[in-house]
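S.K.:
2 protein chains.
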Amino acid sequence: MEPDKPPTLTERKRAAILRAAAESFRHEGFLATSTDRIAERAGVSKRTLYNHFPSKDALFDAVIEGYWARLQTLSQPPLPSPQGIEDRLVAFACERLQVLLDPEVLGIFRAVMTESMRAPELSRAWRRDSSYEQLLGIETILDEESAHGRLLIASRELAASQLWGLVFGGLFWSGVMHLHGQVSAAYREQVVREGVRTFLARYGTPAESVGEPASPNRRKAAASRQAAKGKRS
Amino acid sequence: MEPDKPPTLTERKRAAILRAAAESFRHEGFLATSTDRIAERAGVSKRTLYNHFPSKDALFDAVIEGYWARLQTLSQPPLPSPQGIEDRLVAFACERLQVLLDPEVLGIFRAVMTESMRAPELSRAWRRDSSYEQLLGIETILDEESAHGRLLIASRELAASQLWGLVFGGLFWSGVMHLHGQVSAAYREQVVREGVRTFLARYGTPAESVGEPASPNRRKAAASRQAAKGKRS
DNA sequence: CAAAAAGTAAACTGTACGGTGTAGTGTTTC
DNA sequence: GAAACACTACACCGTACAGTTTACTTTTTG
Numbered sequence: 051m052e053p054d055k056p057p058t059l060t061e062r063k064r065a066a067i068l069r070a071a072a073e074s075f076r077h078e079g080f081l082a083t084s085t086d087r088i089a090e091r092a093g094v095s096k097r098t099l100y101n102h103f104p105s106k107d108a109l110f111d112a113v114i115e116g117y118w119a120r121l122q123t124l125s126q127p128p129l130p131s132p133q134g135i136e137d138r139l140v141a142f143a144c145e146r147l148q149v150l151l152d153p154e155v156l157g158i159f160r161a162v163m164t165e166s167m168r169a170p171e172l173s174r175a176w177r178r179d180s181s182y183e184q185l186l187g188i189e190t191i192l193d194e195e196s197a198h199g200r201l202l203i204a205s206r207e208l209a210a211s212q213l214w215g216l217v218f219g220g221l222f223w224s225g226v227m228h229l230h231g232q233v234s235a236a237y238r239e240q241v242v243r244e245g246v247r248t249f250l251a252r253y254g255t256p257a258e259s260v261g262e263p264a265s266p267n268r269r270k271a272a273a274s275r276q277a278a279k280g281k282r283s
Numbered sequence: 051m052e053p054d055k056p057p058t059l060t061e062r063k064r065a066a067i068l069r070a071a072a073e074s075f076r077h078e079g080f081l082a083t084s085t086d087r088i089a090e091r092a093g094v095s096k097r098t099l100y101n102h103f104p105s106k107d108a109l110f111d112a113v114i115e116g117y118w119a120r121l122q123t124l125s126q127p128p129l130p131s132p133q134g135i136e137d138r139l140v141a142f143a144c145e146r147l148q149v150l151l152d153p154e155v156l157g158i159f160r161a162v163m164t165e166s167m168r169a170p171e172l173s174r175a176w177r178r179d180s181s182y183e184q185l186l187g188i189e190t191i192l193d194e195e196s197a198h199g200r201l202l203i204a205s206r207e208l209a210a211s212q213l214w215g216l217v218f219g220g221l222f223w224s225g226v227m228h229l230h231g232q233v234s235a236a237y238r239e240q241v242v243r244e245g246v247r248t249f250l251a252r253y254g255t256p257a258e259s260v261g262e263p264a265s266p267n268r269r270k271a272a273a274s275r276q277a278a279k280g281k282r283s
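If you read the protein sequences in the order shown, they are chains X and A.
For the first sequence, the numbering used here gives the first residue as 51, with consecutive numbering after it.
For the second sequence, the numbering used here gives the first residue as 51, with consecutive numbering after it.
Here it is in structure tokens:
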């Protein structure tokens with residue numbers, strides 16, 4: 051909007067507090083972080099911190115809301131589609147995965163999960179409304195491809211959740227659990243591509259067997275038995 | 051071995067402490083649990099607690115090791131196979147899933163993850179040695195089925211991780227994040243079965259298209275492009 | 001430039017926690 | 001039944017933390 055008028059001191063202080071708090075919460079967790087430490091990292095007096103946020107809980111809430119809003123932007127643009135379906139799904143998933151595996155985001159997921167057991171009312175945003183499949187825009191892109199006849203899907207929720215598991219599940223879980231350090235982008239893409247191929251082995255339509263070395267007699271009845279509908283108990 | 055001679059008082063106290071500690075750690079997390087509270091719940095004096103365990107950290111370690119040992123037993127018996135491959139994989143996965151979704155186990159996963167960020171040296175057991183695919187015995191059962199010609203798999207690690215994502219990923223993640231309450235066994239089985247079907251759409255062999263309504267011309271070149279080998283970066 | 005608003009430093013309150021010390025009571029074992 | 005051992009109750013130490021108070025300085029604004 052306006053060409054960034056210089057931020058007032060109050061705004062700068064507030065931002066510094068939020069940044070420092072996010073950093074601490076991500077690295078140490080909510081309980082292990084002291085407000086003294088946050089104020090120190092933010093270069094701010096403790097009183098100022100408590101002028102901006104009424105309590106440590108409120109500060110945590112504000113940090114979480116900020117990240118949640120950032121993640122929300124993921125659900126919107128499933129990007130246009132010149133490529134074949136495999137490449138499109140791979141590109142889509144790699145983009146999302148890069149965000150999900152960002153150490154900053156992983157840290158927030160950990161913090162949210164941790165506090166969700168101690169104090170469920172904090173961080174309720176992460177549980178209300180939308181599923182992660184929706185959040186990531188998976189259902190949207192599947193709908194699009196289905197509309198173009200490139201996918202044959204009986205239950206979009208089921209398919210979306212399977213795609214999530216195939217391409218995100220393993221790496222995301224490893225990341226959250228610190229199972230290994232950073233993985234290379236190349237490895238990530240390989241995992242994603244193979245996941246997409248498995249997904250297409252069930253849900254792809256013959257029309258899209260593009261550029262493959264040779265395999266004419268594939269699939270066809272692939273979607274012949276897909277019943278799952280009722281969810282939950 | 052010996053037909054349980056009555057446990058000595060010391061043994062009973064120790065067990066009570068471990069039980070109370072596990073309960074508290076699962077529900078409140080490590081930091082939010084006080085040793086006073088553990089002692090109280092265990093019906094034990096605080097001094098006794100510190101006679102059995104030198105520190106709160108050591109107590110946490112002992113609790114975690116106990117659960118880890120319990121989970122280890124999962125990796126052994128992939129159970130015999132009278133059924134067709136789909137039913138066998140479904141039965142196998144449902145059994146594992148039941149353990150993974152046990153609130154007690156979920157709570158421990160959460161606690162481990164939380165402490166893994168604050169103090170990685172605790173709970174190292176959960177990261178050393180084996181992958182979760184190994185832990186759950188997925189690779190074993192895939193090897194067996196491959197040996198019988200019922201699967202055509204290029205990379206066992208990749209396939210195992212995909213099966214994990216398809217049948218465990220979604221529900222496990224939901225459970226860990228408290229996304230919904232308990233899900234019914236019937237719903238679980240449905241998700242698992244559909245996951246297995248997607249898996250078989252890529253890795254199954256024609257020989258095993260048993261009892262299907264009608265779909266003779268399936269797959270064959272399914273495994274023609276499976277390259278993934280190099281891991282990590 | 002003057003008044004209002006916001007920030008700072010530092011001491012302080014009350015509480016909670018991890019861990020120890022002590023003196024005495026119950027339990028096991030020979 | 002007595003010596004060795006484990007359990008109990010309880011006071012205690014030092015530290016840490018969320019949040020407040022006070023007295024003072026800087027920034028913003030009209």
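Using N, Cα and C, we set each Cβ at its ideal position, and we do this for glycine too.
Check Ser-259(X) in the structure and name its three-state DSSP category.
M.R.: Model confidence at Ser-259(X) stands at a pLDDT of 49, short of 50, so the residue's coordinates are unreliable and nothing is read from them.
S.K.: Give the DSSP bridge partners of Leu-147(A), in chain order.
M.R.: Per DSSP, none; premise fails for Leu-147(A).
S.K.: So, under 8 Å CB-CB, Ile-203(A) and Phe-142(A) are touching, yes? Tell me the CB distance rounded to an integer number of Å.
M.R.: That belief does not hold up - the Cβ atoms of Ile-203(A) and Phe-142(A) are roughly 16 Å apart, past 8 Å.
S.K.: DSSP has Gly-254(A) in a bridge; who is on the other side?
M.R.: Gly-254(A) is bridged to Leu-201(A).
S.K.: Answer with yes or no whether the minimum CB distance from Phe-142(X) to chain A is below 9 Å.
M.R.: Output row for Phe-142(X): interface = no.
S.K.: Within the 9 Å Cβ cut-off, does Gly-79(A) reach chain X?
M.R.: Output row for Gly-79(A): interface = yes.
S.K.: What residues from the region 187-219 of chain X come within 9 Å of chain A, judged by C-beta to C-beta, listed N to C?
M.R.: Going along the region 187-219 of chain X in chain order, one finds Ser-205, Leu-208, Ala-209, Ser-211, Gln-212, Trp-214, Gly-215, Leu-216, Val-217, Phe-218, Gly-219 with a Cβ nearer than 9 Å to chain A.
S.K.: Closer than 8 Å is the cut-off here; do at least three beta carbon pairs connect the region 206-213 of chain X with the region 156-164 of chain X?
M.R.: Cβ pair count under 8 Å is below three, so no.
S.K.: Identify whether Gln-232(A) lies in helix, strand or coil by the three-state DSSP scheme.
M.R.: Coil at Gln-232(A), not helix or strand.
S.K.: With a threshold of 9 Å between beta-carbons, can Tyr-253(X) be considered close to chain A, or not?
M.R.: Yes, its Cβ sits closer than 9 Å to a Cβ of chain A.
S.K.: Skipping 5 residues on each side, what residues in its chain have a beta carbon closer than 8 Å to that of Ala-92(A)?
M.R.: Counting only Cβ-Cβ distances below 8 Å, and skipping sequence neighbours, we find Lys-63, Ala-66, Ile-67, Arg-69, Ala-70, Ala-71, Leu-99.
S.K.: Are the CB atoms of Val-241(X) and Leu-185(A) within a distance shorter than 9 Å?
M.R.: Against a cut-off of 9 Å, the Cβ pair of Val-241(X) and Leu-185(A) comes out as no contact.
S.K.: Kindly indicate which three-state DSSP category Leu-213(X) falls into: helix, strand or coil?
M.R.: Helix.
S.K.: Report the option in Glu-244(X), Arg-87(X), Gly-254(X) whose CA atom is closest to the CA atom of Val-140(X).
M.R.: Measuring from the Cα of Val-140(X), the nearest candidate turns out to be Glu-244(X).
S.K.: Nearest-angstrom Cα distance between Val-113(A) and Ile-88(A)?
M.R.: C-alpha separation (whole angstroms): 13 Å.
S.K.: Assuming Trp-118(A) contacts Ala-175(A) (C-beta within less than 8 Å), just tell me the rounded distance between them.
M.R.: Contact holds; Cβ gap of about 5 Å.
S.K.: 9 Å is my cut-off, CB to CB: does Ala-70(A) come that close to chain X?
M.R.: Closer than 9 Å: no.
S.K.: What residue does the alpha helix (DSSP H) around Phe-75(A) start on, and which one ends it?
M.R.: From DSSP, the alpha helix (DSSP H) with Phe-75(A) extends over 59-78.
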